[in-house]
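The structure under discussion appears below in the form of structure tokens.
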Amino acid sequence: MKKQELIHLHGLLAEVCNHYELRSENTVDHTAYDELGVQPTSIHKSKTDHKEAVFALAEGITGEITIVEDEQPISATAD
Numbered sequence: 000m001k002k003q004e005l006i007h008l009h010g011l012l013a014e015v016c017n018h019y020e021l022r023s024e025n026t027v028d029h030t031a032y033d034e035l036g037v038q039p040t041s042i043h044k045s046k047t048d049h050k051e052a053v054f055a056l057a058e059g060i061t062g063e064i065t066i067v068e069d070e071q072p073i074s075a076t077a078d
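Right, dumping it as structure tokens:
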């Protein structure tokens, strides 16, 4: 994947994260992502930096979604 594509993906994941937090009562753990100090607009950062940021952001999003799904009760379906 080219750096430009990775930056685009980084921006899209940031938008997904923002949208998720606005639409739900849950927040995504940004700790690992924030520690990297790489934003989608940080075009001067290296491709590797953006790759690490994408993985950290994706991990935070999927981790939160998994926690929320695990907390929801399973409803029995009537046949």
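Numbering that gives the first Met the number 0 numbers the first residue of the sequence shown as 0 and each following residue consecutively. We put the beta carbon where it would ideally sit given N, CA and C, even for glycine. Note that the structure is a prediction, hence the values are computed from the model and not measured.
Residue span of the alpha helix (DSSP H) that contains residue i, given as start and end
i	result
V67	46 to 70
Q3	2 to 22
Per-residue DSSP class, three states only, for residue i
i	result
D78	Caution is warranted here: a pLDDT of 49 is assigned to D78, below 50, making its placement in the model unreliable, and no coordinate value can be reported.
D33	helix
When you compare the segment 41 to 50 with the segment 59 to 67, are there three or more beta-carbon pairs, one atom per stretch, that lie closer than 8 Å?
no
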